[in-house]
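Enquirer: After the structure tokens below, expect a handful of questions from me.
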Amino acid sequence: MFNNNPPMCGGTSQSYDENAPKKIVSENMTLFKVETAMAPMGVMPGGAPAATAWFRFISVYAAKCEDGVFVLLFAHDRCEKREYKWSFIKEDIFPELVNAVREYDLAKSNGSHSFTYGLPENFGGEVRVDYSSGERIDFSTNRSPVISIDFANWLYDFFSEALKKEPVELPNAKAIKTIRFDSKHSDGGYTHISLTQNGDICEYKRERKFDIPDVFKDEKELSSELMDKFRGIIETNAMLIWHMLPESGLNSIEEKSMTFVFEDGTEIVVPSDRALPAQISGAFFNIELELNSNN
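Heads up, the sequence shown is in this note's numbering, so the first residue is 1 and it goes up one at a time.
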């Protein structure tokens, strides 16, 4: 079911999946992703203050991977206080999340999406919870918080503790010697770029083909500072874990990936179509953009 008012101030686009389950059977959760703005403190009947939280926005993320669980917490108030941290931990935290989703009845809003045009900011958020059975909880709105304050406080405390658990040792981004970017278009076009560090310089090679027979190639030498910059982006945004994270499920006319080649010859191939928290999702594009701009 879909209702689309004109995209003008106050107009709202809405959709509702009548087949989205309101009760989840599976016990095996693989992805938990919630981000939402929180309403300011209210007042209960009789003048008593309502439940509140120190943060006015919270984003939490947990994904089950081959060797552990990737977790992320981001929260901030309307001033300067903010908390942001991610980790790849050994312990499985999903049994507690499965129980919490049921306790707070997150599936009751499943399949509902709305977007109101003209709002000065996003006053709501989105929820996505995936299970190995194929079941999914998915809903969003930009008008009001998507979870209760009680649940938001529980999530903050739970993820704060999860981030303290024993981490999995990750590959060292400083040992990356080559970065390869590959893009394939549905019309047959492609882009291949490689950046390889040799001492104080990086060898840059690019090959491109559009919807014409010609192939365009260019090569040059760049400063090793560019590779250092990319290593920082890769490490800060957990890109060496992305290949283990769930797919976004979004259709695209272009397939993109990056391959990180380490000094010992091992490789990690990172596709661009991952279901990521917003705090790290721009890293792939930032590297791609700078690689393509070196012409």
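We treat Cβ as the ideally placed atom computed from N, Cα and C, and that holds for glycine.
If you're wondering where the values come from, they're calculated on a predicted model, not measured in any experiment.
1. Just the C-alpha distance for S272 and F159, rounded to the nearest angstrom, thanks.
2. Under the DSSP definition of a beta bridge, which residues are partnered with Y131?
3. If distances are taken between C-alpha atoms only, which option among D200, V60, Y131 and P277 comes closest to Y156?
4. Hey, D130 and P246 are a contact pair by Cβ (cut 8 Å); roughly how many whole angstroms apart?
5. What's the gap between the Cα of N19 and the Cα of N110?
6. Counting contacts by CB-CB distance shorter than 8 Å, is D228 in contact with chain D?
7. In whole angstroms, what separates the C-alpha of E263 from that of Q197?
8. Would you kindly report the start and end of the unbroken alpha helix (DSSP H) that includes W154?
9. Give me, in chain order, the residues of the same chain whose beta-carbon lies closer than 6 Å to that of K33; leave out the 5 immediate sequence neighbours on both sides.
10. Taking only three categories from DSSP, how would you classify G42?
11. Output yes or no for whether 8 Å exceeds the beta carbon distance between I89 and V146.
12. Below 8 Å on the Cβ atoms is my guess for K64 versus T30; work out the distance and round it to an integer in Å.
13. Which partner residues does V270 have in the DSSP bridge list?
14. Starting from E288 and walking both ways along the alpha helix (DSSP H), at which residues does that stretch end?
15. Starting from K306, trace the beta strand (DSSP E) in both directions and tell me its first and last residue.
Expert: Let me lay it out:
1. Within the sequence shown, residue 272 is the residue found at index 272, counting from 1. Within the sequence shown, residue 159 is the residue found at index 159, counting from 1. Computed Cα separation, rounded: 26 Å.
2. In the sequence shown, residue 131 corresponds to position 131, counting from 1. M29.
3. Working through the sequence shown from its first residue, we reach residue 156 at position 156. Per the Cα distances, V60.
4. Position 130 of the sequence shown, counting from 1, holds the residue named residue 130. Position 246 of the sequence shown, counting from 1, holds the residue named residue 246. Right, the Cβ-Cβ distance comes to about 6 Å (below 8 Å), so this counts as a contact.
5. For the purposes of this step, residue 19 is taken as the residue at position 19 of the sequence shown. For the purposes of this step, residue 110 is taken as the residue at position 110 of the sequence shown. Rounded to whole angstroms, N19 to N110 spans 9 Å at the Cα level.
6. In the displayed structure, chain D is absent; only one protein chain is listed.
7. Your numbering for residue 263 matches position 263 in the sequence shown. Your numbering for residue 197 matches position 197 in the sequence shown. Approximately 10 Å between the Cα atoms of the pair.
8. The sequence position of residue 154 within the sequence shown is 154, counting from 1. Run containing W154: I149 to A162, per the alpha helix (DSSP H) assignment.
9. Taking the first residue of the sequence shown as 1, we reach residue 33 at position 33. Result list for K33: Y61 and R128, in chain order.
10. Sequence index remark: in the sequence shown, residue 42 carries index 42 (1-based). Note that G42 has pLDDT 47, beneath the 50 cutoff, so the model's placement of it is unreliable and the number below is only indicative. Here G42 sits in coil by DSSP.
11. Sequence index remark: in the sequence shown, residue 89 carries index 89 (1-based). Sequence index remark: in the sequence shown, residue 146 carries index 146 (1-based). No, the Cβ-Cβ distance between I89 and V146 is not below 8 Å.
12. For the purposes of this step, residue 64 is taken as residue 64 along the sequence shown, with counting starting at 1. For the purposes of this step, residue 30 is taken as residue 30 along the sequence shown, with counting starting at 1. With 8 Å as the limit, K64 and T30 qualify as a contact, their Cβ atoms being about 5 Å apart.
13. Against the sequence shown, residue 270 aligns to sequence position 270. According to DSSP, V270 shares a beta bridge with M258.
14. The sequence position of residue 288 within the sequence shown is 288, counting from 1. Unbroken alpha helix (DSSP H) run through E288: A283 to S293.
15. Since the displayed the chain opens at 1 and closes at 295, residue 306 lies outside it and no answer follows.
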